[in-house]
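Q:
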Amino acid sequence: MFGRLQADSRALIKEVVQLVYFMRGGVTYEEMMRRTPGERSEISDFIEKRLEDESKKMNPVY
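Those letters in the sequence shown? Residues 684 to 745, by our numbering.
Shown next, in the form of structure tokens:
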């Protein structure tokens with residue numbers, strides 16, 4: 684049980700760190716930790732789509 688809890692907490696921290704990195708200071712680590720899983724998922728999906736769309740352009744803006 685504790686092993687799974689530890690794995691879940693590490694996955695959460697990894698996800699939050701990645702989101703904060705791609706938000707470029709728009710959201711702090713603490714603010715992102717307070718978001719619901721649904722909110723974090725929507726933000727993650729948005730970032731993924733944005734990166735995918737930009738990678739197809741001749742002059743991508745990241």
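Glycine residues also receive a C-beta, built at the ideal position from the N, C-alpha and C atoms.
Between Tyr-745 and Glu-737, which are expected to be in contact by the criterion C-beta below 8 Å, what is the C-beta distance as a whole number of angstroms?
A: Tyr-745 to Glu-737, Cβ: 6 Å. Contact.
Q: With 16 other CB atoms within 10 Å as the buried threshold, where does Val-700 fall?
A: So Val-700 counts as exposed.
Q: If you draw a straight line from the C-alpha of Ala-694 to the C-alpha of Val-710, how long is it?
A: The straight-line gap from Cα to Cα measures roughly 19 Å.
Q: How about Arg-733 and Leu-702: are their beta carbons less than 8 Å apart?
A: No; because the gap between Cβ atoms is not below 8 Å, this pair is not in contact.
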